[in-house]
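Per the UniProt record's numbering, residue 1 is the first one in the sequence shown, and the count goes up by one each step.
Each residue gets a CB set at the ideal place from its N, CA and C atoms; glycine is no exception.
Beneath this line is the structure, given in structure tokens, with notes to follow.
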Amino acid sequence: MAHEIPPPADNVGAERNDIYIEKGTPLFMRTVMALFCGGFATFALLYCVQPMMPLLSREFSINAAQSSLILSVATGLLAIGLLITGPISDRIGRKSVMVTALFAASMCTIASAMMPTWEGVLLLRALVGLSLSGLAAVAMTYLSEEIHPKHIGLAMGLYIAGNAIGGMCGRLITGVLIDFVSWHTAMLVIGGLALIAAAVFWRILPESRNFRPRSLHPRSLLDGFTLHFRDAGLPLLFLEAFVLMGAFVTLFNYIGYRLLAEPYHLDQAFVGLLSVVYLSGIYSSAKVGALADKLGRRKMLWATIALMLAGLVLTMATPLWLVILGMLVFTFGFFGAHSVASSWIGRRALKAKGQASSLYLFSYYAGSSVAGTAGGVAWHLGGWNGIGLFIGGLLVIALWVAVKLAKLPLLPGNVQV
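Structure below.
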């Protein structure tokens with residue numbers, strides 16, 4: 001029979017305070033540093049290819065939508081893998097799955113740098129995404145099990161800050177390097193850095209103390225999925241993940257094409273340097289996560305989505321400084337919104353938390369894969385105006401979902417969800 005962790009309501013947390021990791025302790029620091037490294041490696045490996053897309057279009061004689069497949073196949077296989085690795089971690093444990101995932105993805109990235117054909121590169125990128133599902137599916141669950149409920153927003157925010165730094169560094173390193181070396185060399189550098197991050201993660205992450213194994217019996221898995229989709233809030237959070245990530249990836253997939261063309265004609269290194277806008281996401285993920293613990297997720301979610309809309313509007317202007325400001329605001333809003341929504345999953349799901357996290361992240365990366373490539377059609381049809389309309393439509397849906405979530409009845413004994 002499966003054993004479940006009790007729901008992390010405030011009264012439960014008080015009774016089991018001795019087994020949770022508290023803020024300010026050495027274990028808390030080790031945990032957030034390890035998950036920071038894991039998030040760094042995940043996003044660096046996934047998104048290091050984004051600045052290369054215009055170059056790959058030229059080298060392999062493919063259009064923007066086809067070039068976007070180098071990211072979309074990775075996020076698509078990652079999304080599919082989440083439905084497998086989350087339940088596996090519910091059975092065999094969290095840390096071993098995450099460590100294996102990071103090392104495998106790093107090695108596949110190094111191997112992809114040696115592929116001479118477009119098809120070979122796409123195959124290795126698919127394996128990178130499939131490997132990374134082992135960390136992406138489990139990290140949020142690990143935090144929701146091990147960190148005291150009072151501090152889960154902060155811990156999740158710091159993990160997502162690692163995502164932001166990884167995304168920034170992956171884009172920044174490759175975006176600058178490919179002006180001076182081949183894209184093959186740039187991929188080798190990213191793979192090597194990810195291997196170092198994986199080693200640090202393996203050494204310092206504490207073993208799970210609150211993990212309770214669940215059965216992998218198909219009936220048990222089906223019951224878990226059914227439970228989540230019967231909840232009034234979880235399906236809305238899954239939809240939120242899809243549209244938010246779809247909007248974010250679409251903007252960064254095609255902003256390089258815009259800035260390399262007229263009237264800007266920026267060089268590749270400068271476009272790569274614009275990845276520093278991720279610094280705003282690094283700040284917002286931790287800050288907004290902590291604010292959500294104090295003010296409530298219901299208030300913070302719609303506010304951060306409104307910021308994304310404001311940033312999108314700024315990118316529609318012609319002056320370069322307004323475009324860059326818009327990217328900063330958009331990124332700040334996205335990472336804040338993701339921090340709020342992802343921590344909400346751990347509080348809302350009372351059972352089968354690994355499956356709940358998997359479904360959230362399946363939607364998140366499915367949004368990246370589907371919208372990221374569909375945005376290429378919008379780009380070819382309408383240029384940046386087409387991209388603006390496409391992203392704007394996704395964000396209107398996101399805002400509607402946030403309002404629906406804000407109106408949900410509270411769960412018993414928990415003012416946050």
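Taking the DSSP output, what are the residues bridged to residue i?
{"i": "Ile21", "result": "Ile147"}
Quick one: is residue i buried, meaning 16 or more other Cβ sit within 10 Å of its Cβ, or exposed?
{"i": "Ala14", "result": "Note on Ala14: pLDDT 39, under 50, position unreliable in the model; the coordinate value appears next. Under this definition Ala14 is an exposed residue."}
{"i": "Pro7", "result": "Since pLDDT at Pro7 reaches only 39, below the 50 mark, its modelled position is unreliable, and the value read off the structure follows with that caveat. Under this definition Pro7 is a buried residue."}
{"i": "Phe28", "result": "buried"}
{"i": "Ile19", "result": "exposed"}
{"i": "Tyr264", "result": "exposed"}
{"i": "Met114", "result": "exposed"}
{"i": "Leu82", "result": "buried"}
{"i": "Thr226", "result": "exposed"}
{"i": "Thr75", "result": "buried"}
{"i": "Leu124", "result": "buried"}
{"i": "Thr318", "result": "exposed"}
{"i": "Ser368", "result": "buried"}
Whose C-alpha, out of the options, is nearest the C-alpha of residue i?
{"i": "Pro116", "options": "Tyr159, Gly153, Thr109 and His184", "result": "His184"}
{"i": "Leu259", "options": "Arg91, Leu312 and Leu320", "result": "Leu320"}
{"i": "Ala337", "options": "Phe242, Phe229 and Trp384", "result": "Phe242"}
{"i": "Thr100", "options": "Trp344, Ala194 and Trp384", "result": "Ala194"}
{"i": "Gln268", "options": "Ser68, Tyr142, Gly86 and Ile173", "result": "Ile173"}
{"i": "Gly393", "options": "Lys404, Met327, Phe248 and Gly346", "result": "Phe248"}
{"i": "Val323", "options": "Gly256, Leu291, Ser343 and Val340", "result": "Gly256"}
{"i": "Leu279", "options": "Arg298, Val329, Cys37 and Ala356", "result": "Val329"}
DSSP on residue i, reduced to helix/strand/coil?
{"i": "Asn385", "result": "helix"}
{"i": "His265", "result": "coil"}
{"i": "Arg58", "result": "helix"}
{"i": "Gly81", "result": "helix"}
{"i": "Asp90", "result": "helix"}
{"i": "Phe180", "result": "coil"}
{"i": "Arg348", "result": "helix"}
{"i": "Thr318", "result": "coil"}
{"i": "Phe330", "result": "helix"}
{"i": "Thr117", "result": "coil"}
{"i": "Lys407", "result": "coil"}
{"i": "Pro26", "result": "helix"}
{"i": "Leu309", "result": "helix"}
{"i": "Arg209", "result": "coil"}
What residue does the alpha helix (DSSP H) around residue i start on, and which one ends it?
{"i": "Ile282", "result": "Tyr278 to Leu295"}
{"i": "Asn163", "result": "Ile152 to Leu177"}
{"i": "Pro51", "result": "Here Pro51 belongs to no alpha helix (DSSP H), and DSSP marks it neither H nor E."}
{"i": "Leu237", "result": "Leu234 to Leu260"}
{"i": "Phe103", "result": "Lys95 to Ser112"}
{"i": "Ser67", "result": "Ala64 to Ser67"}
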